[in-house]
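Visitor: Have a look at this one.
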Amino acid sequence: MKRAIEFLKKRKDLQSILGFITKNSKVLDIGCGDGKLLSSLKQAKDIEAYGLEIKEESVAECVSKGLSVIQYDLNKGLPEYADNSFDFIILSQTLQQVARPDDAIKEVVRVGKKAIVSVPNFGFWKCRLNIFFKGRTPVTKALPYKWYNTPNLRVLTIKDFYDFCEESGVRVIKTMPLLSTKNGSEKVIKLFSNLRADYCVFIVEST
Amino acid sequence: MTSDSNINLQQGTFTFAESKGLVLQSGRQFGPVTVAYETYGELNKGKSNAILLLHALSGDAHAAGKYKDSDKKAGWWDLMVGPGKPFDTDKYFLICSNVLGGCSGTTGPTSISPDTNKPYAMSFPVITIEDMVKVQYELVKSFGIRTLHSIAGGSMGGMQALKWAQLYPDVVRSVIAVATTARLSPQAIAFNEVGRQAIISDKAWNKGDYYGNKETPDKGLSIARMLGHITYLSEEGMSKKFGRQLQNAEEYQYEFLTEFQVESYLHYQGQRFTERFDANSYIYLTKAIDYFNLADGYGSLQEAFRIVNSKFLVLSYTSDWLFPTYQSEEIVNALRKNNVNVSFCEIKADYGHDSFLLQNDLHEKLVSGFLENV
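Protein sequence lines, in the order shown, are assigned to chains A and B.
The working numbering applies: residue 3 is where the first sequence begins, and numbers increase by one.
The working numbering applies: residue 23 is where the second sequence begins, and numbers increase by one.
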């Protein structure tokens, strides 16, 4: 429990997720990685926790934490899940990694009553400067990969996400732009967020 | 009694259904039933640390350890059972029994019928996976065990594990179902039928009445095993293991000899199988597998799992084409729809269906991590 709270304190994005998720709710974390967030939520909020993860080693990590996790590729959609079968879906740093984010987001808001989506912001000033002055694809804390080895198939900005939601029939309920700081924690960005935040958490639902 | 001190291997037999007989799924009453079993590790005071291991078609009660140091081979899941291994004999009490209809100590077609004083042979009743499970349940009860920490099995063993969860939801705390299916595919039934026909068309089979005869249906049984063995391997596994290598010569002999290594291997496996397995038993057990469909009588698999009350770990292997991954995913989806706590992983492995019996770090990590969190 202590470790779970420590972990959550460090991560502002996760804290906001924690604040948003109601007690005893049913949560599906898509792309749950090693299951840290899910097990923290389980302890802090007594949620009914389910995970989907593509990497087999990460699935094994989750199983060692006692989580219910299925090895799954989101690119296949979620045909086995009924409408509104989860209170919350978490899609943390995953949307930009699927082949068709438009199909994925529609599936996510169909299956979840609400979805918590986080994506890296390519509109961040460092990214812009990199392209503008250096003429090279940016490598930042939120986008730490080179163009040739990145799992991020898509690059988007916060503004792009708004347009995308409107076109996909998705309503944005809440936006939380964040900036990763040196000590590994995050700062909430209120002004000029598309320029100053390196990633962003959105709470969305179907319209 | 034999023992392997390291894992506290104990052998035993248990007999029940002497007067009334067990009512089989077919409706027939049958008894008495003797079960041959082995145990490893120690049952704790609260009798809460027991795990039942369920063997596949050609397996037996000997899951781990050796009877004597000079034994060539250890039990069939020795890689997984022992101190510090996923089925840790320092923590858990493991039970493994030979299935009903088998030929390694539990009542089956080779057993002597009390009515005729001769082996049952083909007068043995047709049995199902459910019947096997009911027999195992009696064995578990005989230890005074009320709940099982887990039950685990691969292939036909996995079918039994799923059936256990359905029949005794309050006994089974967790299920590990490996390289298995909720219903046998027509392709797998087809392979089984060819295997049975190989035995039946061997003249020495003699309608199953061959016990004590000079000629026994070894030819038929070995062909059945050779065919079965192909289905347990994979193309990449065979390519890695044998390639197109010749067994004894440098070049082709242009004769119908056993030339390729893969041929020689299959002949050897077929031959060895006849030394330890009974042809009638093979017929009965493959039939039990053919009949297996967990959804029978429920309308759907989701409905069939409605009453389960256990945590599940389902594992499949990339190169298993006998029980391919989609069949495991069917199990997983049906469980999730019932809000069951289920985890699933498809493990990368080259050696086909048999991969579950081979060394694999990820597989071990998944099983041990799962068992610790039951």
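Note that CB positions come from ideal geometry on N, CA and C, so glycine has one too.
Here the structure is a predicted model, which means the values were calculated and not measured.
Less than 9 Å separating the beta-carbons of Gly259 (chain B) and Asp383 (chain B)?
Guide: Stepping through the second sequence from its first residue, residue 259 (chain B) is reached at position 237. Stepping through the second sequence from its first residue, residue 383 (chain B) is reached at position 361. Contact: no.
Visitor: Would DSSP call Ser208 (chain A) helix, strand or coil?
Guide: Within the first sequence, residue 208 (chain A) is the residue found at index 206, counting from 1. In this structure, Ser208 (chain A) counts as strand in the three-state DSSP scheme.
Visitor: To the nearest angstrom, how far is the alpha carbon of Asp112 (chain B) from that of Arg205 (chain B)?
Guide: Counting from 1 along the second sequence, the entry for residue 112 (chain B) is found at position 90. Counting from 1 along the second sequence, the entry for residue 205 (chain B) is found at position 183. Taking the straight line from one Cα to the other gives about 35 Å.
Visitor: Going by DSSP in three states, Arg358 (chain B) sits in which element: helix, strand or coil?
Guide: Numbered from its first residue, the second sequence carries residue 358 (chain B) at position 336. In this structure, Arg358 (chain B) counts as helix in the three-state DSSP scheme.
Visitor: CB His171 (chain B) to CB Ser207 (chain B), shorter than 9 Å?
Guide: On the second sequence, position 149 is the one that residue 171 (chain B) refers to. On the second sequence, position 185 is the one that residue 207 (chain B) refers to. Cβ distance not < 9 Å, so His171 (chain B) and Ser207 (chain B) don't count as in contact.
Visitor: Does at least one heavy atom of the ligand NAP sit under 8 Å from the Cβ of Asp110 (chain B)?
Guide: With respect to small molecules bound, the structure shown includes none, and the ligand NAP cannot be examined in it.
Visitor: Hey, quick one: how far does the alpha helix (DSSP H) through Glu272 (chain B) stretch, first residue to last?
Guide: By one-based count along the second sequence, residue 272 (chain B) stands at place 250. Note, Glu272 (chain B): premise wrong, no alpha helix (DSSP H); not H, not E.
Visitor: Would you give the residue range spanned by the alpha helix (DSSP H) that Ser164 (chain B) belongs to?
Guide: As a first step, residue 164 (chain B) is located in the second sequence; it is residue number 142 there, counting from the start. Note, Ser164 (chain B): alpha helix (DSSP H), 151 to 164.
Visitor: Answer with buried or exposed for Ser133 (chain B), where buried requires no fewer than 16 other C-beta atoms within 10 angstroms of its C-beta.
Guide: The count along the second sequence starts at 1 and reaches residue 133 (chain B) at position 111. Classification for Ser133 (chain B): buried.
Visitor: Could you name the residues of the same chain whose beta carbon sits closer than 6 Å to that of Lys387 (chain B), not counting the 5 residues immediately before and after it, in chain order?
Guide: Translated into positions along the second sequence, residue 387 (chain B) becomes position 365. The answer is none, since no qualifying residue turns up.
Visitor: Determine the direct distance from the alpha carbon of Trp99 (chain B) to that of Pro105 (chain B), and round the result to whole angstroms.
Guide: By one-based count along the second sequence, residue 105 (chain B) stands at place 83. By one-based count along the second sequence, residue 99 (chain B) stands at place 77. Computed Cα separation, rounded: 13 Å.
Visitor: Would you mind telling me which residues of chain A sit closer than 7 Å to Phe392 (chain B), beta carbon to beta carbon, in chain order?
Guide: By 1-based counting over the second sequence, the position of residue 392 (chain B) is 370. The contacting residues are Val65.
Visitor: Can you give, in chain order, each stretch of the alpha helix (DSSP H) that sits fully within the stretch 202 to 235 of chain B and has at least 4 residues?
Guide: Segments of the alpha helix (DSSP H) lying fully in the stretch 202 to 235 of chain B: 208 to 222.
Visitor: List the endpoints of the continuous beta strand (DSSP E) containing Leu76 (chain B).
Guide: For this step, residue 76 (chain B) is matched to residue 54 along the second sequence. Note, Leu76 (chain B): beta strand (DSSP E), 72 to 76.
Visitor: Using the C-alpha atoms, what's the distance from Asn77 (chain A) back to Ala106 (chain A)?
Guide: The residue given as residue 106 (chain A) occupies position 104 in the first sequence. The residue given as residue 77 (chain A) occupies position 75 in the first sequence. Approximately 7 Å between the Cα atoms of the pair.
Visitor: Starting from the N-terminal side, write out each stretch of the alpha helix (DSSP H) that is 4 residues or longer and does not extend beyond the stretch 95 to 156 of chain A.
Guide: Fully enclosed alpha helix (DSSP H) runs of 4 or longer: 103 to 113, 127 to 131.
Visitor: Short of 9 Å Cβ to Cβ, which residues in the stretch 320 to 342 of chain B face chain A?
Guide: Going along the stretch 320 to 342 of chain B in chain order, one finds Lys333, Phe334, Leu335, Val336 with a Cβ nearer than 9 Å to chain A.
Visitor: Using 8 Å for Cβ pairs, my map puts Ala246 (chain B) next to Ala220 (chain B). What's the rounded Cβ distance?
Guide: Counted from its first residue, the second sequence places residue 246 (chain B) at position 224. Counted from its first residue, the second sequence places residue 220 (chain B) at position 198. So it is a contact: roughly 5 Å between Cβ atoms.
Visitor: Of the residues B:Phe299, B:Ala326, B:Thr253, which one's Cα is nearest the Cα of Ser177 (chain B)?
Guide: Looking up residue 177 (chain B) in the second sequence gives position 155. Checked all of B:Phe299, B:Ala326, B:Thr253; the closest Cα to Ser177 (chain B) is B:Thr253.
Visitor: Cβ of Glu368 (chain B) less than 9 Å from any chain A Cβ?
Guide: By 1-based counting over the second sequence, the position of residue 368 (chain B) is 346. By this cut-off, Glu368 (chain B) is an interface position.
Visitor: Quick one, which of A:Asn196, A:Arg198, A:Asp162 has its alpha-carbon nearest Gln98 (chain A)'s?
Guide: Counting from one through the first sequence, the residue named residue 98 (chain A) turns up at place 96. Cα-wise, what sits closest to Gln98 (chain A) is A:Asp162.
Visitor: Should Val174 (chain A) and Ile205 (chain A) be called a contact, given that it needs their Cβ atoms to be closer than 9 Å?
Guide: Translated into positions along the first sequence, residue 174 (chain A) becomes position 172. Translated into positions along the first sequence, residue 205 (chain A) becomes position 203. The answer is yes: Cβ separation under 9 Å.
Visitor: Thinking just about the alpha-carbon of each residue, which of B:Leu379, B:Gly180, B:Gly391, B:Val396 is nearest to the one in Met102 (chain B)?
Guide: Locating residue 102 (chain B) in the second sequence gives position 80, where the first residue counts as 1. Out of B:Leu379, B:Gly180, B:Gly391, B:Val396, B:Leu379 has the C-alpha closest to the C-alpha of Met102 (chain B).
Visitor: For Gly106 (chain B), write down the residues that DSSP places opposite it in a beta bridge.
Guide: Along the second sequence, read from residue 1 onward, the residue named residue 106 (chain B) stands at position 84. DSSP output for Gly106 (chain B) lists no bridge partner at all.
Visitor: Looking at chain C, which residues of the stretch 66 to 80 of chain A have a Cβ within less than 9 Å of any of its Cβ atoms?
Guide: The chain labelled as chain C is not found among the protein chains of the depicted structure, namely A and B.
Visitor: Using a Cβ cut-off of 9 Å (strictly closer), state whether Ser377 (chain B) contacts chain A.
Guide: For the purposes of this step, residue 377 (chain B) is taken as residue 355 along the second sequence, with counting starting at 1. No, because no Cβ of chain A sits closer than 9 Å to the Cβ of Ser377 (chain B).
Visitor: Three Cβ pairs or more, each shorter than 8 Å: is that satisfied between the stretch 179 to 189 of chain B and the stretch 260 to 280 of chain B?
Guide: No, because fewer than three Cβ pairs between the stretch 179 to 189 of chain B and the stretch 260 to 280 of chain B fall closer than 8 Å, the two stretches do not touch.
Visitor: When Cβ atoms are compared, which residues of the stretch 107 to 126 of chain A fall closer than 9 Å to chain B?
Guide: Here the close residues number zero.
Visitor: Shortest alpha-carbon distance to Gly114 (chain A) belongs to which of A:Thr139, A:Pro81, A:Asn123?
Guide: Within the first sequence, numbered from 1, the residue matching residue 114 (chain A) stands at position 112. Considering only alpha carbons, the answer is A:Pro81.
Visitor: Output needed for Tyr348 (chain B): all residues of its chain with C-beta closer than 8 Å, excluding positions within five of it in sequence on either side, in chain order.
Guide: Locating residue 348 (chain B) in the second sequence gives position 326, counting from the first residue. If we look at Tyr348 (chain B) and ignore the five residues flanking it on each side, it has no Cβ neighbours.
Visitor: Excluding the 5 residues preceding and the 5 following Leu43 (chain A) in the sequence, name in chain order all residues of the same chain whose CB lies nearer than 7 Å to its CB.
Guide: If you number the first sequence from 1, residue 43 (chain A) lands on position 41. Leu20, Ile23, Val29, Ile49, Ala51.
Visitor: Classify Leu79 (chain B) as helix, strand or coil using the three-state DSSP reduction.
Guide: Counting from 1 along the second sequence, the entry for residue 79 (chain B) is found at position 57. Three-state DSSP puts Leu79 (chain B) in coil, outside helix and strand.
Visitor: Compute the Euclidean distance between the alpha carbons of Asn395 (chain B) and Val389 (chain B), then round it to the nearest angstrom.
Guide: Residue numbering aside, residue 395 (chain B) sits at position 373 when the second sequence is read from its first letter. Residue numbering aside, residue 389 (chain B) sits at position 367 when the second sequence is read from its first letter. Approximately 10 Å between the Cα atoms of the pair.
Visitor: How is Cys422 (chain B) classed by DSSP in three states: helix, strand or coil?
Guide: Not covered by the structure: residue 422 (chain B). The range shown for chain B is 23 to 396.
Visitor: Only counting the same chain, and skipping five residues up and downstream in sequence, which positions put a Cβ closer than 6 Å to that of Gly43 (chain B)?
Guide: Walking along the second sequence from the start, residue 43 (chain B) turns up at place 21. Cβ within range, chain order: Gln51, Phe52, Gly53.
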